Each structure stands twice: as C-alpha cells, then as structure tokens.
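**Q** Let me begin by handing over the structure; questions about it come next.
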C-alpha cells in the first residue's frame, strides 16, 4: 500500500509526499534560512498510510547565492541538460543532485573534457562535470526552447541558467543569442565565455513558462545551455511559537514526564496544536500559549516554577492529579489567569500545609487570579485518606465561592428552607430507606449516592459530603428548584433531608444510569443504542431544557448539561439531572452576569467562560456538545491533537461531506442519511461560537422531531407519529416532474448503472454518448471522500476535440453541469488545463488547481437543436478528462435574460455551514456554504418541508436553504455583498432569496432598501414575508470593476436587513450558430458510410479553429454555416 503523508518544516506546512512506486525514491528539497538555532522536520499522518523517511541531509550554502525577495526555494527540477548520467557529491561541492533531461528530439548534446580546476567558477559552483556538457538545437537556425506547465499558475518561479562555452571558437565563429521569456525579451546579445561559468537568474510565473534562446543575426553558431535549476517560492508565513513559551512547555513536559504526543512546534500549524494547549496568533507575531490543560494526566510533585514562564497564560487546568505541597505564590503574578486545581488531595493553600489540622483540596476550582490569592477551603485529611480508595463516578462541577466551614454556614441558611416543609425526611428515615447506606450506586463532588426503597419503590439518595465546599449551596439550589418544577424529562425530587449536618436529596431511581455510560459501554447493563434510540434520548433531553427555558417563569439555566447528567430510566427515557449549579435568569431581557463561571470543561460555553455573561444560549451550546457525543460516540476533548474538541473534529468532516465518518461506526450505516445530516446540522448550530447564531431550544426540539420522524419513516415500523412526542409526519415524497433528467458517470463500463446512495440519483455510463477516450479511476484515497460518480474519469489523450452528444428537448431550458476530479488518475500528478465547448461555441477553460478537489462548470442553457454537444479540447497543457455530466430540466419562465446563457458564478446558502443539492433541491442546484464574514451574524430556524409559500413558485428554493439567514453584526450597519469580476465588461444577473424566519413582535419591523453600486436596485423598501419565499432579481444585467449590493435598514425599521440565499450568474453570449442541420446530417452519413477515420467530432464547421479536416464552410452573418468544400 503506497502511502501519502504531509511534511512540516518548523511551524509551516511544507508539502505532501506521495509515493507512486515502491521501488523508486522520492525527494523533497528546499533552500531555507531558519530563524532558530535548530530546525524541526515533522511527518504527519493524514490517514492515507503510515509516514516514513529514509534520510535527512543538510548542506550549508553560500549566503550570496539563491537570494529571494521573500520566502524559501523548493526545488522543482535541476538538470544537467547535456548528460545521460546523474551526479551529486563529490562532483558537486554543495551535494546538489543533477538529474538528466529526457531526450528532446529538437536538441542535440555537446560535450568536452573540462578538468575541474580549469573551470572558472562563480559562487553557485555548478558541478564541473555538469558544465562539460551542453545542448543546442538540431536545426541551427531554430530557437532552443525550454518550457513547462507549473502545477499552480500563481506560483512564483526562480530560474537559474548556467552557461559556459565548451570549445575555443575560430576567429570567424561567433555564438550570440537572445533569451525570450514568455514571449518577451529578457536578455539580449548574450555570449557564453569559454571555461567561464555565467549564471543568469530569472523570476517568473504563469499558466505556462517558456524560455526561447534565439540566435542573433550576427551569430554563426546556434545557442547553447549547459544546466538549469528551477525553484518554486514557498512563503512560510507562520512564525514559530515564542521561544520562551517553547522552553517553558518543554521543561513542563520533562519535569512531569508528560506522555502526550507533544512533538514539533507547540502552537503551529494550528491543525497540529499540542493536545491541551490553546494559543493566540497575532499577525507577523510569534504565537503565545494561553491555555494549558493537564487535567487527569497523572502529575505528581510540586507545581513547577516553569509554568510561570508562560507569561500569557489565561487558563491552567491541573485538576484530578496527585500534585502536592503549597499552591505557589508565583501563579498570582500571571494576570487574568483562571486556574483549575480540583481533586488534588495533597495540595494546600500557601502557609497552611504545616498546620496541625492539615487540609486538602477536594473540589475543582475556577479562580480568577488578578492579584488576588486563591482561596482554598480544606477538610480534615484523615477523613480524606479514609475515602481516598474510592473512584469518583460522577464528574464534579467547577465553581469557586468564598465560604466558611459547612457546619457554620448551615446554621445561617437553614431558615431559607423552612418554607419547603413538604416531603421532608428525617435522618432516621434516610437510614431506614437506605438500609444504613448499604448499597452505593455513585459518588461525586457533592457526595455519595445510595440505593434505597420507599414502600418497595426504588429511590436514589444523594447525601452531602462534609468535605464538599459548595455542596450546601448546591443542595439549597436543587431543593428550591425541583420542589417547584415538574416535567417528564427532568429527574423528580421525592424529598430531602435537612437535619443539622445531615443533608440529603431523594430522587426517583433511574435504573439505566447515565447516557455517557451507555455510549462508552461501561454500564453493567449496557445496551447498544440504535440511531432511533439516540435521537429519542436527544429529543427527551431537549424537551427538558426547553421546559426550563420556556415553561418556567422566570427561566432557569442548568449550567452543567453533559452526558453524565442525562439519566435513563428502565424504558430508556432520558431525564436531565443535577441542578446544583442552576441559575434563575432575569426576565427583563438582559443577560445575567455571573460572578462565578461554572460548568464542565468541554461542555462549557466558550463565550460564557470568557465574558461571564450567562444566557439561555449557554445551555444550548452544552446540549450541542452532548448531541455530538450521541451522534459520534467520540470523546468531547480528545487526547489526539488532530481531533481536539469534538465540534472541531466534526466540522472538519462536515466540510468533506463525510457523514458516515461522523456517525458512530458501530451503527454500521444503519441509519437514514438525511436524518443523520439533520442531527449534525442541529448540533453544529448549537455549538456556534457566536451565541446569536445558536437556535433556541424550542427550535432544536422541532428539528429533532423532524430528525426522528425521518428515521422512523425509514424503519417502516411507525407512521411517523409517536405517543411520546406530538408532531406531524414528514412528507419525503418528491415531485417526480423534477427528478434529475440525465446523470452520466464518465468512464464507467457501458453496462453499468446505479443509484447513488446519498442523493438517490440514478447514474448511467457515458459509453453511449461518445466513441473515444479512455476509462480511468482516481486514487483510492479519494473514493472515501467523494460520492461514487466521481470515482471514474474518461480521459482523451488522442485527438484535439472529443465530443459528447446527448439528446434533449429542443427549446427547453436546462441546467447543464460538468464535473472534473483529477485525482491523479494517470499517476503522473500533472495538473491539466483544457477548453470546453458547448455546441458551436467556446464555453470556457477548465483549470485543475488541486488534484484532490472537484472542479465544476455549470450553465443555464436553452439549446436550439434536439441534442447538445459537449466537447473537450486539448490546448497543449495536459490531457483533457471529465468525471460527470448532469442535465436538469428547468421551468422556462425562470432565469430569463435579455440575451445569452447564464453561467453559474456563485450560488450560496448564506447562513449555513453545510452544502446542499438534490433531494433538498428539486432542480439539483448545488447550494454552497459561505465562508464566515466577520461583519455578519447567522440566524437559523427549522422550517418543515413544504411549509413555505413560494411567491415565485417556479424557483423552488429549498426549505433547508431558506431556514438560515445572515444579518449585520452591527444592527445599524448595511449588509454588503460584493465581488470583483475577472473582466469588468462581464454582465451579471443576480437572484436574491428572502424569507422572514422569525415571528416578529407587534413592535418589531424589518424593512430595508437594496442598492447596487450606490443606485436603487429595487425601487421600494422591502420586508421579507414570514414563511414565504420572495425572490428579487435583476431586471437587467449588472457590470463594473467591482459590484456592490448594499441592504440598508430603513429609518422606521427596528430590525436590521436579512438575506437567506443568493445566486449570481455571468452572461455568456453564444453568438456562433450551429452548422446547417441538413449539412450536419449529410456529412454524418458520409462519415458512417465510408467509415471515415479522421478526427471528425463536434460541429463540422465551428468553431472555425476546429473545422473538420477536409472541409471548408461559408459563414454568413447570423446564418448557419454551410459546407462548401469536401
């Protein structure tokens, strides 16, 4: 299995190493000036095979050589042009590899015997043996041409040409030539000197790079060149992490024996950030470490002083270790530091370790150290040692508060519970219920949980531990809340005990433990959760949170939503538990500002953690993390630095469309794809870093009901309704009028047809539409990423023009899309460029910039014939190929223009992070997601299928696209959409799609005007209708150097403008008529009867550049061309 992996040089991505042949070596070479006194070369496993390396070689060069304006020089090629043998050290003092150029029939080789000491060298010191050969044109009057096609036309290329005259010229002989670079004079009247090395340097770029050495009129001899070096600029812009931070974190790693995969630069590249670290990245500044999480890492000993060297540290988590001795004072010197030290039983506050009553920290802390000492409350160490053997099964929450001993605090606060005398149990009752605390079913920071019985009904009794610093406060909170809130998806409080220091809570018994135990398989009666089970549990939990937010007045924020706090009863109904950190939020619409941040790392809302501003959206974030756990069965905070937080890992897979890679592999694909995508979309919306972009819980509930209904429809054991949840069945029937018409998989065998599993589209082979080309397959790694129709390609190494002919309905409007995935199908990894024709006209150029990325060309086109021809044209820059051809019939009254066809420029679902096509879109339009705009905020709502009224019904914009929108971050600012056309004369048609996704209050209005380049685009102020799609589009085409659309809030509007989606098309005016149909029929018959073997494909007469061999045609204005000579 030939692997592929990445290489890093210091903090920067160097490139990808692909092994194509097990018996041939591969090299990567770069000229590099390091900024440190060491260099790090890292091999990165990208999932395509095991990285390996055979050798590393470093050679010191002369600083006067290979000088660039910026960046490093990666070797593209280095040739001894006149030799048939490759050389390195000791022929070359710098140990450069000099390769041989494959024979060029237009060149001939020259050579001479040149002793190394007789050659007058320059600083570059090309090997004397390389300079003893040269090439010259076979035709002495012809130019000597060296050309190549860069992989990326934007690459800056440095070229070094080495010359010397090999022979003593006679008096009547001269060798003089000009060097032309890409058609422009570069060096005039150059003559190589005998046994004297001259090196000429050039910087260039372009689609094709060509050097032509052309003999001058006065020269008697043709041009020569001995050797050439070609380098590509790589601009390593990422700075290494600040050296002080590197030294500090390296010391920490050594002192504590950290066994994590900490290699390379700690902060960069960002994709390989060390596990447990976060960093800041300033422009042109070295990254700085701001977060260090070493929780549960088996640390022992003192808190090492090296931590204080991380001077920009903001978050330090050393919880759940075996650290000892005093908390050092140097931590207080780190401003704005939040520290987590809980569950380190041998750690104590400064100055208290030697007191007679030694104390120990037993509760996790979140402390803001801004010149204020950490306040630690301790309990007797003997009590701790007695219970130290027990492992906690419940994760303690993190909170800090200045408190005294619990027994003292209890006396002051007991009175506040006197009003809640209902269901109070004495301590004697508790002893009886639990049979003297006989059976332990759980432990946590609050205390121990025991199994008990009340009249043969099992209950859970949670007793407050005397060592729990915050336990009494949490005890009060739970009693106050659970005595007044009741919901089927919240754990029920049966009663409580509040007798002096004996505090306890009595709950209904949840026989199946917590959700996390079942996901991990650690529960003694663990049940494998099906996709349906998981969505039911998620919906249960969402309903519980939705009740806290909307059913309680004032609303309640849980603050510690996590999978261990979601309990399951015997029927696996989920209920939210542990309300000890809950907060009641004011009803005045202002965010509650909490003085203490509380929650569990990984689930904690980042915005709340940073700002201390607590809102209902904080619970939404935590729920989103839980939903991702349910979907993926992945840890929330992975030790593997490639995954990081679960939301980051899922986001990386969402970008590739790999739903099966996201969903728990143990399900083995046994789930509805659309249901899974819906669940992922809900979860990713919930974990948005911007709280304003997160949905409210009622919207989440609605979306999960849809998700469950879709799965139930698949399993066919339910109609879509459920006794536990009230919702309408989802209609998944599709309008067969708009089923995709022609879906062609190019390159598969003639008898192959199949239904693609994700979209349900039926694909057929292209063999019946073309009679030339070769079938090939992309590399196997890409088959894991792309849908099946992209796995094969048809390539055309022969002929100039190769054409598909596809029958259609004359005069109907079609969306035509061609797809191209190079995927290194030919094994040479040379990215091609070629032209594509549509009928008699040039459609455009297909340029492949990345072997692993799909390129598409899409156009809305009304053919004048009852067939359409799509031709691929070899322009000399690589072999043309194609992966797919798709034709979709459109309604004739949409996408109308004054003239021409509409080529897709952009089609964007502005508010989404996910791309969509059929079945979501009946026309199978591709709706791309829009990269984040820092001036926008996203809105979302869940809109049921077929619930939107389409004001212009034939555009049929999908509900899922219209369920998101964008609005300005600054409510008073305009919403701007702009682009710079490649050609300022290009004309564009723009289609904007709007719907109001929120029910506006009586005192709310949303009204705005749209301008184009400062001029009104629609004449009146516009208000998007609620649950109805309205499409605004250009009456005439837009043009200019830059096109700017501005959506500006009206003076009387209380809300800013919104927009849901946009389509932008470029006008292509296909002016060339097809050849007269009678002539086409006649010449096609002649070709068939006589079996003409000429390259007769496409239109016989046009484009003129591709006129069929042996034909002449007459071209008369707007009339169809006619064949006049055969």
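Numbering (the working numbering), first residue to last: 57 to 1182. We treat Cβ as the ideally placed atom computed from N, Cα and C, and that holds for glycine. Owing to the predicted nature of the structure, the values given are computational and were not obtained by experimental measurement.
Just mark residue 285 as buried or exposed, buried being the case when its beta carbon has 16 or more other beta carbons within 10 Å.
**A** The residue in question, residue 285, is buried, as its Cβ has 16 or more Cβ neighbours within 10 Å.
**Q** Give me whichever residues DSSP pairs with residue 154 in a beta bridge.
**A** Residue 154 is bridged to 143.
**Q** Can you tell me whether residue 747 is helix, strand or coil according to DSSP?
**A** Note: residue 747 maps to helix in three-state DSSP.
**Q** Have a look at residue 148 and residue 194 and give me their C-alpha separation to the nearest angstrom.
**A** Their backbone Cα atoms lie some 29 Å apart in a straight line.
**Q** What residue does the alpha helix (DSSP H) around residue 716 start on, and which one ends it?
**A** Taken as a continuous stretch (DSSP letters only), the alpha helix (DSSP H) holding residue 716 covers 715-718.
**Q** Exposed or buried, residue 354, counting other C-beta atoms within 10 Å across all chains shown (16 or more means buried)?
**A** So residue 354 counts as exposed.
**Q** Whose C-alpha, out of 905, 1171 and 1150, is nearest the C-alpha of residue 1165?
**A** Selected option, being the one with the closest Cα: 1150.
**Q** Taking 7 Å as the limit between beta carbons, can you name the residues of its chain near residue 1174, skipping five residues before and five after?
**A** For residue 1174, where only same-chain residues beyond five positions count, the Cβ hits under 7 Å are 1129.
**Q** Taking the beta carbon of residue 584 as the centre, do at least 16 other beta carbons fall within 10 Å, making it buried, or is it exposed?
**A** Classification for residue 584: exposed.
**Q** Where does residue 655 sit, in a helix, a strand or coil, going by DSSP?
**A** Strand, per DSSP.
**Q** Count the other C-beta atoms from every protein chain shown that fall within 10 angstroms of the C-beta of residue 57, then say buried if there are 16 or more, exposed otherwise.
**A** So residue 57 counts as exposed.
**Q** Give me the Cα-Cα distance between residue 637 and residue 397, rounded to the nearest whole angstrom.
**A** The straight-line gap from Cα to Cα measures roughly 19 Å.
**Q** Are the CB atoms of residue 288 and residue 224 within a distance shorter than 7 Å?
**A** For residue 224 and residue 288, no; Cβs fall outside 7 Å.
**Q** Among the candidates 1104, 1086, 1072 and 1106, whose CA atom is the shortest distance from the CA of residue 1092?
**A** Ranking 1104, 1086, 1072 and 1106 by Cα distance to residue 1092 puts 1072 first.
**Q** If you draw a straight line from the C-alpha of residue 612 to the C-alpha of residue 1028, how long is it?
**A** Rounded to whole angstroms, residue 612 to residue 1028 spans 31 Å at the Cα level.
**Q** Can you find the residues in the same chain that come closer than 7 Å, C-beta to C-beta, to residue 128, ignoring five residues on each side of it along the sequence?
**A** The answer, listed in chain order, is 86, 87, 88, 290 and 292.
**Q** Relative to the alpha-carbon of residue 953, which residue among 826, 1094 and 1059 has its alpha-carbon at the smallest distance?
**A** Residue 953 has its Cα closest to that of 1094, out of 826, 1094 and 1059.
**Q** Determine the burial state of residue 936: buried for a count of at least 16 other Cβ atoms within 10 Å of its Cβ, exposed for fewer.
**A** Buried, because 16 or more other Cβ atoms sit within 10 Å of the Cβ of residue 936.
**Q** Measure the C-alpha to C-alpha separation of residue 342 and residue 1059 and round it to an integer number of angstroms.
**A** Distance between the alpha carbons of residue 342 and residue 1059 is about 50 Å.
**Q** Given a cut-off of 7 Å on the beta-carbon distance, is the pair residue 731 and residue 763 in contact?
**A** Yes, the Cβ-Cβ distance between residue 731 and residue 763 is below 7 Å.
**Q** Judging by CA-CA distance, which residue of 994, 1025 and 1017 is the nearest neighbour of residue 975?
**A** Considering only alpha carbons, the answer is 1017.
**Q** Taking only runs that begin and end inside the region 223-270, name each unbroken beta strand (DSSP E) of 3 or more residues, in chain order.
**A** The qualifying runs are 233-237, 240-246 and 254-260.
**Q** Among residues of its own chain, excluding the 5 on either side of residue 659, which ones have a beta-carbon nearer than 6 Å to its beta-carbon?
**A** So the qualifying residues of the chain are 618, 678 and 681.
**Q** Looking at the secondary structure, which residues open and close the beta strand (DSSP E) in which residue 798 lies?
**A** 798-801 is the extent of the beta strand (DSSP E) around residue 798.
**Q** Report back the beta-carbon spacing between residue 265 and residue 206 to the nearest angstrom; my notes put them in contact at under 8 Å.
**A** Rounded, the Cβ-Cβ distance is 6 Å, consistent with contact.
**Q** Could you pull out every residue in the same chain whose Cβ sits closer than 7 Å to the Cβ of residue 555, ignoring the five residues on either side in sequence?
**A** Answer for residue 555: 482 and 483, listed in chain order.
**Q** Please list, in chain order, all residues of the same chain as residue 100 whose beta carbon is under 8 Å from its beta carbon, the five residues on each side excluded.
**A** Excluding residues within five positions, the ones whose Cβ falls inside 8 Å are 61, 62, 63, 64, 107 and 328.
**Q** Drop a sphere of 10 angstroms on the beta-carbon of residue 464, count the other beta-carbons inside from all chains shown, and report buried for 16 or more, exposed for fewer.
**A** Caution applies to residue 464, whose pLDDT of 30 falls short of 50 and renders its modelled position unreliable; the value that the coordinates give is listed next. By the 10 Å Cβ count, residue 464 comes out exposed.
**Q** Where does residue 301 sit, in a helix, a strand or coil, going by DSSP?
**A** Here residue 301 sits in helix by DSSP.
**Q** Taking the alpha carbon of residue 931 as the point to measure from, which residue in 943, 718, 902 and 256 has its own alpha carbon closest?
**A** That would be 902, whose Cα lies nearest to the Cα of residue 931.
**Q** Tell me the rounded alpha-carbon separation between residue 870 and residue 742.
**A** Using only the alpha carbons, I get a separation of about 38 Å.
**Q** If we count the other Cβ atoms within 10 Å of its Cβ and call it buried at 16 or more, is residue 1169 buried or exposed?
**A** Buried, because 16 or more other Cβ atoms sit within 10 Å of the Cβ of residue 1169.
**Q** What residue does the alpha helix (DSSP H) around residue 1019 start on, and which one ends it?
**A** First-last for residue 1019: undefined, no H or E at that position.
**Q** Are the beta-carbon atoms of residue 943 and residue 879 separated by less than 7 Å?
**A** Result no, Cβ atoms of residue 943 and residue 879 do not sit closer than 7 Å.
**Q** Would you say the region 746-755 touches the region 875-893, given that touching needs at least three Cβ pairs under 8 Å?
**A** In short, these stretches do not touch, since the Cβ pair count stays below three.
**Q** For the region 955-967 against the region 1114-1124, are there 3 or more C-beta pairs whose distance is under 8 Å?
**A** Yes, since at least three Cβ pairs between the region 955-967 and the region 1114-1124 fall closer than 8 Å, the two stretches touch.
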